[in-house]
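So the protein sequences, as listed, match chains A, B and C. Residues 1 to 654 (the working numbering) are what the first sequence spells out, left to right. Residues 655 to 1308 (the working numbering) are what the second sequence spells out, left to right. Residues 1309 to 1962 (the working numbering) are what the third sequence spells out, left to right.
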Amino acid sequence: MKKMMIGAEVFIEPGQTPEEIDLWFKRLKECGMTITRIRMFENYMHQPDGSWNFELFDTAFKAGEKYGVKIFANLFPSTEFTDVGGFKFPKSEENLQQISDYIRHLVNHFKDFSSLYGWVPINEPGSGELPDDDFSRTAMAEWRKSEITNEYNSQGFNTLDFSKERFLLHHNTWFLSWLTDQIHLHHPNSIIHVNNHAIFQHVAEYDFPKWRNFLTSLGGSAHVSWHFGYFSRQQYAVAMSANAEILRSGAGDIPWLMTELQGGNNTYSSFAPMCPTKEEIAQWLWITIGVGSEGSIFWCLNPRRSGFEAGEWAMLDYQDHPSDRMLAAAAVINTINEHTALFEQSTVLDAGIHILYSRESLWIEKALQIKGTMYEGREQGGCMKSALAWFEALTELGVHASFKEIGEFDFSKDNYETQTIVLAHQISLPSKYWDRLKSFVKLGGKLIAEGLTAYYDENAYTLMGRGFPFRDLFGAAVKEFKVVKNLFAIKLNTPETELPAHLWRGTLELESATAAGYFKGEEDAEAEVIASRNIYGKGEVFWLPSLIGLGSGISGNYTQLTKLIREELKISLYHQPLLFAKHQPHMVMKTLVISNGYLTIIVNKSGSVKNIVLKTNVLLHPELLFANRSGKLSSAKDILIHAEETMVIKWINH
Amino acid sequence: MKKMMIGAEVFIEPGQTPEEIDLWFKRLKECGMTITRIRMFENYMHQPDGSWNFELFDTAFKAGEKYGVKIFANLFPSTEFTDVGGFKFPKSEENLQQISDYIRHLVNHFKDFSSLYGWVPINEPGSGELPDDDFSRTAMAEWRKSEITNEYNSQGFNTLDFSKERFLLHHNTWFLSWLTDQIHLHHPNSIIHVNNHAIFQHVAEYDFPKWRNFLTSLGGSAHVSWHFGYFSRQQYAVAMSANAEILRSGAGDIPWLMTELQGGNNTYSSFAPMCPTKEEIAQWLWITIGVGSEGSIFWCLNPRRSGFEAGEWAMLDYQDHPSDRMLAAAAVINTINEHTALFEQSTVLDAGIHILYSRESLWIEKALQIKGTMYEGREQGGCMKSALAWFEALTELGVHASFKEIGEFDFSKDNYETQTIVLAHQISLPSKYWDRLKSFVKLGGKLIAEGLTAYYDENAYTLMGRGFPFRDLFGAAVKEFKVVKNLFAIKLNTPETELPAHLWRGTLELESATAAGYFKGEEDAEAEVIASRNIYGKGEVFWLPSLIGLGSGISGNYTQLTKLIREELKISLYHQPLLFAKHQPHMVMKTLVISNGYLTIIVNKSGSVKNIVLKTNVLLHPELLFANRSGKLSSAKDILIHAEETMVIKWINH
Amino acid sequence: MKKMMIGAEVFIEPGQTPEEIDLWFKRLKECGMTITRIRMFENYMHQPDGSWNFELFDTAFKAGEKYGVKIFANLFPSTEFTDVGGFKFPKSEENLQQISDYIRHLVNHFKDFSSLYGWVPINEPGSGELPDDDFSRTAMAEWRKSEITNEYNSQGFNTLDFSKERFLLHHNTWFLSWLTDQIHLHHPNSIIHVNNHAIFQHVAEYDFPKWRNFLTSLGGSAHVSWHFGYFSRQQYAVAMSANAEILRSGAGDIPWLMTELQGGNNTYSSFAPMCPTKEEIAQWLWITIGVGSEGSIFWCLNPRRSGFEAGEWAMLDYQDHPSDRMLAAAAVINTINEHTALFEQSTVLDAGIHILYSRESLWIEKALQIKGTMYEGREQGGCMKSALAWFEALTELGVHASFKEIGEFDFSKDNYETQTIVLAHQISLPSKYWDRLKSFVKLGGKLIAEGLTAYYDENAYTLMGRGFPFRDLFGAAVKEFKVVKNLFAIKLNTPETELPAHLWRGTLELESATAAGYFKGEEDAEAEVIASRNIYGKGEVFWLPSLIGLGSGISGNYTQLTKLIREELKISLYHQPLLFAKHQPHMVMKTLVISNGYLTIIVNKSGSVKNIVLKTNVLLHPELLFANRSGKLSSAKDILIHAEETMVIKWINH
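This is the structure in structure tokens:
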């Protein structure tokens, strides 16, 4: 059972008065917030003479005790004032020793505050790059010695070297684990939580399954203006949903919460400056809850006053009054508080539909970049955006799909009937997953592969050609991929659709598979198969080696792709308790399971008021728990939801 | 009393013949030009064996004597042939010694030519960056020791370090002063003049008030194709006017002249290649005169022949005949010569309307840049462009506003009734000006503040929030700034207008101030104050914390902003002797005061012929001194001016 | 007499099986291909213990013997796996010694295979840049000592230093020559062939006439997706034609062939990804044949499997079946095989129309680049694109013009009547060509000069102004160039046309020349001459100092330029055996001479079916040799050609 925690980070820095620190905790309490996070700047504790002065932070921890607000203490070892996010890796052995000393002083001082909730060993690990210093080089050399050599050797071909990427994965994990050990040395069994960031760009350097060994809970920073560059503002809700699903999948059996959520306005910071509306605040909060989090912490309550981000991001206004965004969060908290047990006992619906991406796809895509004519499909982000497009299409059908790194998928079950895996333009399928994918289908699973999925193994060796390992599973092999143009149509016979596709058209040579579509029409002398369907064991593979996900995403229209999904995922969809009765563009639905029914979060991003009909597979009786723009419903067939509105509905079995 | 000097730079380089050098001075004389400037290249005097050969330059100085043309000798110490503009700082102690030797040889040789007018110690000081060498590092370390620490400490908060920026300001001044001393060692009391450049980008590294201590006159380079990137070609006239006003303000009590004005065509050099029309030449010349200059020197008479800029920029054609541009300059000179006393005795009208910018705004804006979605308001240039937009709007009303660094404004008077200061998106207001601004208003001044004015102090510490120093002066405080979008509307009640605004909307919490406008309408439950008016002492503050200047500029339409100006600056405008009777888009007017009346320069950039009516506060009788496209007038109520035409009119009091 | 060879490169790398290598050679044979090229990777022969293992490559050479396919062995000394194209220069003396050793082992091992055709000493020499290492620096210092100083000194002016560019030219030649010597040491008199690449960008570093001393034949890589960035896809045919003409001119009396032609699809490699259609494959093959090549080799038959370019570029599909492109090539080969003697005896028609460019124009253009507002005429590529625009315009008239570096033109004849030289925006005319150009005209040639042709000498010293060396030849001198805008109209009196021009308008001062056009009309007081015609000796110069070639190219319409060409090149055109009767936009025609007639290659890139009429100066009887979209003809006046079709026609004199 999870415990729900919603809060906002108090930013502590010298110059602040005890009175205002007290006021900020008071404001948290007034809005029902029970958790905060504080950056424990070594710079503001460790004096030039070597002594330690914790006074400023003591004030905050005491205020926490006074107002009943728990604190995540976020380690922040000494760094430059201009280092906005903190450094990601130790710079030297000496630096490592300094960090260890800092932890000793910090943890021993604060561990006894009753307001201390737990520790965040580093802010936003990972940075896209390994630092170029001796410490990293030495660590990499050590790691190389111990790396277990893969027996698979790409059929004896020479290959690109991805050991730097593998090491970065290892090094991030090592440092988090080392920090945890240091904390536990002084504060055994204390709570450890960490927040990754820029997930769609950085996910390939996070080894979440390994992190579960030392984390109490997993977290993330999801700042739309810094991190959601693959999306338009209208898509931020679905993006938040995907970000949350990545964290849920990463967390596995441990809890997760959204450690940082954008709380306020941007002036000079961020890539795509914005100020969230109060409706967006509710959307993001409810979506993270709908994806099973324990809650979220806004960044931040009060703005830092100086330097980068001065006066930005905050939930309080400059006069320390709650903004409309803070009041919107309070309204969500109120609803949760009215139904605490319901939310705490809820679990995420396992819809049995899984969009998988592979780390190696992201590594290879990045390694092969050439500057030239811009096509999203072959730029960095092409693989991730392809998977996200499927996630968005499924979302518009009301499906609560999971979004997982392929290594996080549980391939150990003995029955996958009703389960579907989507591999959308996952250019690299590492060898260790080949048999697992076959087994998944053999045991009844449905596999959808599109785009240039399986183009490479883990070494950027192309699997197309002699020795294609999925020849029996797919019942076909690729003849050619050909650049067509940014957007073109793919016409299928079964189901009859004409899908927008992007960049390349793939053609197939069939073996056991049957044709699902032709280029130029089946009757044409130059007809070529462009999609196939193959029965394998108890399951089936649908293969369409063109980028229909990204094509739909670029065209901004999922009408055709959802039509295809309704056909190809028929079995999986049949088992969903709640779905949109028809394709609902720009509508998001998340589903939680409760003891005798469901909770649904519905968000309307369509820009106008909508009447929604839900298709249910049992009779469900609704109760409206939350609606922030006067949405109404009488039954699953009659839901009125306004533009930007979020509705939370409890459904009880009868 | 100033003396009028118009000329063009003669470019001297080896390979030229005495005959052509003579011909160039003859051409200057034929067109009435009385001044030139010559780059005194050490490279072309100082021989490899250490000896000096001045012959090439002697030829020029003798030609100057022969044709009665005075010469500004522009120091140009030894540098690479590819160094187009010359270096900006000494590179080492040895280099400093070399420069000193060069000055000794140069000055002693040329000081006795009767054609020598004065010395330009360096071409276009300043470069946006401090060089990364030992000399600069040592100089900075020395300066640090002597810098007087500001007692103001941003309420004890940690802050960004702007000492590099402050040192650059100091270092530029130091080097110019050192060069002047070196020249005066050998030629006591000689005339010293210096030309800054790319003023809208580099102004924050020029400490003009300190320069007045050693300069005889201040100058500038205003090359539209290199320096006016913030403007369209249609705006070059108003840009020239703003550039000139910056120099006039910088010069204070010493004279100023435009040292370099683009004279000809671009091939490979410049950012925005162009060739001035003959009408533009007249516009620029008259505008610099209208801003009180002693005249201008075109860059250049004859083109350099080799390397960068070969065959470019010249007023003579390749056959050494005067271009249409040269003839246009001659026509202006003729007019001045016909009325020498009139122009020499004229002074710039003090309109009492002052657009102020702060150096620190430019420093902070630059320090906080993040690459991302482009919005002009948060990019480098946002502060300067905001101030320029107000200047342009006032220009279109016929107001001769001043444009000043805040430190150049005279805060020492005891009465500011009828005076107005505009602070347009000046994000940084350094602490030393806080009391001065209060005093300005208390003593009757009108203060207009818009955009994110006062967001920071001088250390990039935000003033928004606890301790806001203008709470009593403005009678209000900001609640929030929120990103809206590139352009949106700001609706005011008093005066009733709907202004285009850019990027952020600011909302206010009122104390003594009264509301001047609401977001969502006064009656709305969610109404928020977006503009305020506060009586303070004898004066008033109008505060609109959204970017209405830049918004108007981006929308390309000052209709609404001029409407606001007519209301808010009513008192200041009432005291203007001459104004456009109505808003005149793309029209420029500059006003000079003569003994019993005024001189006005009117430029029509609207693209079509216009009938203009002027509003005058006394009866004025006109006399047309110059019109280059057959413009005509009978009275202030009846001025006919053609597209691109410049008219110069003398108005006599009756 | 040349021998025709068409083939595709077999890519050999470890991991391949003997069976598949055998299959690939079988596929070559099945499609009539008789030549291949193989990269002889030292990395895959030279073992870590220093021994040599040639087995993998032996397999290929034996398969060549088995299927009668000849092999160009392409040297590929040891380099990184990620080095896609191979290095261009030795990195050190030690590296040079290693290369020498490699050559010894390689050549001695493979020279006795009967399948060995010849050697390619380096893949794609040249890279745009000199490497920054000691070897290059030492080589440059040595070269400097021996460089013969030009007596011409730009009238004594200081100038930019282009010795780096001259050295690069020398260094490329030296290395190729050294490699050849090393090969010949072990395999005397063997065939040597080399392929340059990215010709429109890199041509200025290739000294083709000097290469003739050691090459058996010249080659090139013409990959549209890497190298044809100056062109749209519709223009790739004419671009291929220009690329081929540059090689033909470079080859002079030795044969040439296209060493690499894009054979297949792109995924991550290339700047402008594409997959050739089968029609494009035919167009490119026929065009290279129409420009007199011995044939072409596609890159590549089978794709490399790993790293950069994995699975790309190939003529076989992933299942080792011939693609439609491979079959299209086979159809061309069939046609040639049916008429072997005809093609082998054919020679390129000398149309007497020569578009010349100068290396120095490209060097100077590059040296003077400034980032700013983009105008193609002053960016890198402006000179080349101007020349190419004339080539394209002439192509649309059916003219088989030559395209030559000015140093490749034969100025030694004693009669140039009927000959025309076009100098389109060739900004630099080196001094050594001044007298040759005069002599060309004096002896009856027609010279067309446009744009900023002759703006500079070879040292970036501008010739405009005193001492203009073409004053007598052109009978005029430039008064001014003035930036106008991206596109504007140039109106001529004789012939009456209104040409689109780009960026600058040049005006002339006439001496012996007569006016051919005025700016503002002849009658206007401000009329200025913008084009002139001058009789000089037996010839004539037409001078239009504005960019009408590039202007036409940018406007995408050659209607007016071809109108001008028809008038100004009247005499040259009169002597053409075959021309389009009227301007045919986007149509390409190449003409070969056979014993009693001609072969024409016609390609229709217009996008629709066309009826073409040819103008012939004798009666010619046609025979259709090839048409791949059912084109038909009955006479020169009646040719039906479909979109994208290529037709090859034999014309016999009667």
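No residue lacks a Cβ here, since even glycine has one placed at the ideal position from N, Cα and C. Note that the coordinates shown come from a computational prediction; the quantities given were computed from them, not determined experimentally.
Asked	Found
Name, going along the chain, the residues of the segment 1362-1386 of chain C whose beta-carbon falls closer than 8 Å to a beta-carbon of chain A.	none
Provide the residue span of the alpha helix (DSSP H) that contains glutamate 1292/C, from first to last.	Since the displayed chain C opens at 1309 and closes at 1962, residue 1292/C lies outside it and no answer follows.
Do the segment 1863-1870 of chain C and the segment 1807-1818 of chain C meet, that is, are 3 or more Cβ pairs less than 8 Å apart?	yes
Counting only beta-carbon atoms, is glycine 15/A nearer than 8 Å to chain B?	yes
Output needed in chain order: residues of the segment 1576-1591 of chain C with a Cβ under 7 Å from some Cβ in chain A.	Tyr1576, Ser1577, Ser1578, Phe1579, Ala1580, Pro1581, Met1582, Cys1583
By a C-beta neighbour count over all protein chains shown, 10 Å radius and 16 as the cutoff for buried, is lysine 656/A buried or exposed?	Since the first residue shown for chain A is 1 and the last is 654, residue 656/A is missing from the structure and cannot be characterised.
When you compare the segment 1890-1901 of chain C with the segment 1928-1943 of chain C, are there three or more beta-carbon pairs, one atom per stretch, that lie closer than 8 Å?	no
DSSP beta-bridge partners for glutamate 1848/C?	Lys1754/C, Ile1843/C
Could you name the residues of the segment 1105-1122 of chain B whose beta carbon sits closer than 8 Å to any beta carbon of chain A, in the order they occur along the chain?	Leu1106, Tyr1109, Tyr1110, Asn1113, Ala1114, Tyr1115, Thr1116, Met1118, Gly1119, Arg1120, Phe1122
Along chain A, in chain order, which residues have C-beta atoms closer than 7 Å to that of asparagine 812/B?	Glu13, Pro14, Phe81, Ser306
Please list, in chain order, the chain B residues whose beta carbon lies closer than 7 Å to that of glutamine 1992/C.	This structure cannot settle anything about residue 1992/C, because the visible part of chain C is limited to 1309 through 1962.
Examine chain C for any beta-carbon lying closer than 8 Å to the beta-carbon of lysine 666/A, and answer yes or no.	Look at the range of chain A in this structure, 1 to 654, and you will see that residue 666/A is not part of it.
Just the chain A side, please: which residues come within less than 8 Å of threonine 1027/B by C-beta, in chain order?	Phe271, Ala272, Pro273
Assign threonine 173/A to one of two classes, buried (16 or more other C-beta atoms within 10 Å of its C-beta) or exposed (fewer than that).	buried
For lysine 683/B, I'd like the list of residues in its chain whose CB is within less than 6 Å of its CB, leaving aside the five on either flank, ordered along the chain.	Tyr721
List, in order along the chain, the chain A residues whose C-beta lies closer than 9 Å to that of glutamine 1355/C?	Going along chain A, no residue has its Cβ under 9 Å from glutamine 1355/C, so there is no contact; the nearest lies around 14 Å.
Can you give me, in chain order, the residues of the segment 989-1022 of chain B that have a beta carbon less than 7 Å from any beta carbon in chain A?	Leu1022
Is it buried or exposed for glycine 944/B, if we count other Cβ within 10 angstroms and need 16 for buried?	buried
Is it right to say aspartate 1658/C is buried, meaning 16 or more other beta carbons lie within 10 angstroms of its own, or is it exposed?	exposed
Isoleucine 1798/C CB to nearest chain B CB: under 8 Å?	no
Taking beta-carbon pairs under 7 Å, can you tell me which members of the segment 485-513 of chain A lie near chain C?	Glu509
Just the Cα atoms here: how many angstroms apart are glycine 874/B and leucine 970/B?	22 Å
Does the distance from the C-beta atom of alanine 531/A to that of phenylalanine 391/A stay below 8 Å?	no
What residues of chain A sit near arginine 1032/B, judged by a beta carbon separation below 9 Å?	Asn266, Thr267, Tyr268, Pro273
Among the residues of its own chain, which have a CB less than 7 Å from the CB of phenylalanine 1846/C, if the five just before and after it don't count?	The amino acid occupying residue 1846/C in the given sequence is lysine; phenylalanine does not appear at that position. Cβ neighbours of lysine 1846/C beyond the five flanking positions: Glu1725, Lys1750, Leu1751, Gly1752.
Would you grab the beta carbon distance between isoleucine 753/B and proline 731/B for me? Rounded to a whole angstrom, and I think it's under 8 Å.	5 Å
Suppose you measure from the CA of leucine 1204/B to the CA of cysteine 1037/B; what does that come to, to the nearest Å?	9 Å
Excluding the 5 residues preceding and the 5 following lysine 650/A in the sequence, name in chain order all residues of the same chain whose CB lies nearer than 6 Å to its CB.	Leu599, Glu623, Leu625
Can you name, in chain order, every residue of its own chain whose Cβ lies under 7 Å from the Cβ of arginine 1667/C, other than the five neighbours on each side?	Ala1512, Glu1713
At 3 residues or longer, what runs of the beta strand (DSSP E) sit wholly inside the segment 395-426 of chain A?	402-405, 420-424
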